[in-house]
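Q: Note that our numbering has the sequence shown beginning at 50, numbered continuously upward.
Questions regarding the structure given below will be posed in turn.
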Amino acid sequence: MDDFLSEGLTLPVTGRDKITREYHIPDPTAEAGIKIERITTLAARLAAGGTAPDKPVLDDDEEQDLYKLCLGEAYDKLRAETSWSMFKHVALTAMFWITTDEDTALEYWATGEAPGKAGRNRAERRQISRASSAEGAANGTPSQASTSGTRAGSPRRSRGGRGRGPQPI
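Laid out in structure tokens, this is it:
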């Protein structure tokens, strides 16, 4: 069981001073974990088109402290030493770790994309682009001929060998 449970999450975070340091986010208390679960469950339900609950799940202070709940003892140091975007990325990574698992959190950490929706890396996107370009070049369908200089009311010309002259409009 000890192998399955984690004492925390450690992430290499680049601060505003451009120095990367490891920050340890401790395993939250049971109370904090329950609050985080309630917030994320409510958010998922609302995103899926569900109805809002009849009474508030959290009071204003609890809702504003979601990042503090997720980051625990690391909150103040991260807030002081990182930019807003990095702070938010660390907090959301911690939230994925708390509500799902470490693999999901690390996927979010590495990609910045919602878990399971991670975009392809640059090299993979280029390879796909090249493959689709090559397929287009190999396509034997000729492009449509130019209609430059023609008029909609012009009579049709005969196609050679059929013995038919211009057709009436």
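Where a beta carbon is used, it is the ideal one built from N, C-alpha and C, also for glycine.
These numbers come from a predicted model, not from an experiment.
For the alpha helix (DSSP H) that Arg128 lies in, which residues bound it at each end?
A: Here the alpha helix (DSSP H) through Arg128 covers 124-130.
Q: Who are the Cβ neighbours of Ala140 in its own chain at under 7 Å, not counting the five residues just before and after it?
A: Counting only Cβ-Cβ distances below 7 Å, and skipping sequence neighbours, we find Tyr116, Cys119, Leu120.
Q: With DSSP as the reference, please indicate the residues paired to Ile74 in a beta bridge.
A: DSSP output for Ile74 lists Leu58 as bridge partner(s).
Q: I need the DSSP call for Thr89, collapsed to helix, strand or coil.
A: It is helical.
Q: Within 8 Å, do at least three Cβ pairs link the stretch 126-143 to the stretch 62-70?
A: At 8 Å Cβ cutoff, the stretches touch.
Q: So who's on the other strand from Thr63, going by DSSP bridges?
A: Answer is Thr69, bridged to Thr63.
Q: Here's the rule: buried if 16 or more other CB atoms are within 10 angstroms of the residue's CB, otherwise exposed. What is Glu156?
A: Buried is the call here.
Q: How many whole angstroms separate the CB atoms of Thr153 and Pro164, which I take to be in contact at a CB cut-off of 8 Å?
A: Indeed, because the Cβ distance is near 4 Å, the residues count as touching under 8 Å.
Q: Give the straight-line distance between the Cα atoms of Leu91 and Lys84, rounded to the nearest whole angstrom.
A: Rounded to the nearest angstrom, the two C-alpha atoms are 11 Å apart.
Q: If I'm right that Ala143 touches Ile74 with Cβ under 8 Å, what's the distance once you round it to whole angstroms?
A: 5 Å between Cβ atoms; contact.
Q: Gly121 by DSSP, collapsed to three states: which one?
A: Reduced to three states, the DSSP call for Gly121 is helix.
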